[in-house]
Amino acid sequence: MSLINTQEQQLLTDAIQRVENNTDAELVTVLARQADDYRYIPLLWASLIGLLVPGAINYYPEWLSPHQLILSQWVLFIGLALLFQIPALQYRLIPRQVRYWRASNLARRQFLEQNLHHTNGETGILIFVSEAERYVEILVDRGISSRIPDSYWESIVKQFTEQVRRGDVAKGFVECIEACGVELQRQIPATSKKNELPNHLVIL
5 MSLINTQEQQ
15 LLTDAIQRVE
25 NNTDAELVTV
35 LARQADDYRY
45 IPLLWASLIG
55 LLVPGAINYY
65 PEWLSPHQLI
75 LSQWVLFIGL
85 ALLFQIPALQ
95 YRLIPRQVRY
105 WRASNLARRQ
115 FLEQNLHHTN
125 GETGILIFVS
135 EAERYVEILV
145 DRGISSRIPD
155 SYWESIVKQF
165 TEQVRRGDVA
175 KGFVECIEAC
185 GVELQRQIPA
195 TSKKNELPNH
205 LVIL
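For the sequence shown, our numbering begins at 5 and goes up steadily by one.
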């Protein structure tokens, strides 16, 4: 996983500053390596297979004695639990809905933890990325949602998500910030010079 380097982080900070010079909105960017460690998913799959496969074989009593059945279940469970810890295999076992749900929950927690709900005029906007899940979300406070419909952000999120999938996270961030800035400057123009929240990228 290739997180953003120091030089790229500065590009993001500069992009946020340029946008905030022309709008009352407060932008915060957050990049998470992954939304969850999903340790329970490999264990769940290993448990199910460990129970079902030897259990199915048990329909043929001449194949396994009761002692051999229990032993085979434990061996299969432990072996699969270790095997499924390999990241490439682990992520194949996690349903997309579960990955997106965990990432979405983390985005909402970050909106609160970064104090985006405490800005003057309720004009906080969070650009959130969870790299492992290839997940992008833009969350805005009421002062923005009352002027800009949620549908406006959909195309921006879609384009950014494709860039994250290609590994162009830094470029995607900058272009996303600039795209958000176009409408923010039009609908929520700057009325005073302020900077309530940090402009640097938050990395989790």
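All C-beta atoms, glycine included, are put in the ideal place defined by N, C-alpha and C.
Item checked: Boundaries of the alpha helix (DSSP H) in which residue 17 is found, first to last residue -> 10-24
Next item on the list: Taking all protein chains shown into account, decide if residue 10 is buried (16 or more other Cβ within 10 angstroms of its Cβ) or exposed.
Entry: exposed
Notebook entry, point to check: Can you tell me the Cα-Cα spacing of residue 146 and residue 28, whole angstroms?
Noted result: 13 Å
Margin query: I believe residue 123 touches residue 192 by the beta-carbon criterion, under 8 Å. Please report the beta-carbon distance rounded to the nearest angstrom.
Written below: The Cβ separation is near 11 Å, so there is no contact.
Notebook entry, point to check: Are residue 32 and residue 152 touching if we call contact CB-CB under 9 Å?
Noted result: no
Checklist line | residue 198 versus residue 22: straight-line alpha-carbon distance, rounded | finding: 13 Å
Note to self: Given a cut-off of 9 Å on the beta-carbon distance, is the pair residue 141 and residue 35 in contact?
What the structure shows: no
Checklist line | Segment contact, 8 Å Cβ cut-off, at least three pairs: the region 159-167 with the region 176-196 | finding: yes
Checklist line | Cut-off 7 Å between Cβ atoms - residues of its own chain near residue 15, not counting five sequence neighbours on either side | finding: 174 and 178
Notebook entry, point to check: Near residue 156, which residues of its chain fall below 7 Å by C-beta distance, leaving aside the five closest residues on each side in sequence?
Noted result: 187
Notebook entry, point to check: To the nearest angstrom, how far is it from the Cα of residue 159 to the Cα of residue 8?
Noted result: 23 Å
Checklist line | Every unbroken alpha helix (DSSP H) inside the region 137-203 [4 residues or more] | finding: 146-149, 155-170 and 173-191
Notebook entry, point to check: When we look at the beta-carbon of residue 116 and count the other beta-carbons within 10 Å, is it buried (16 or more) or exposed?
Noted result: exposed
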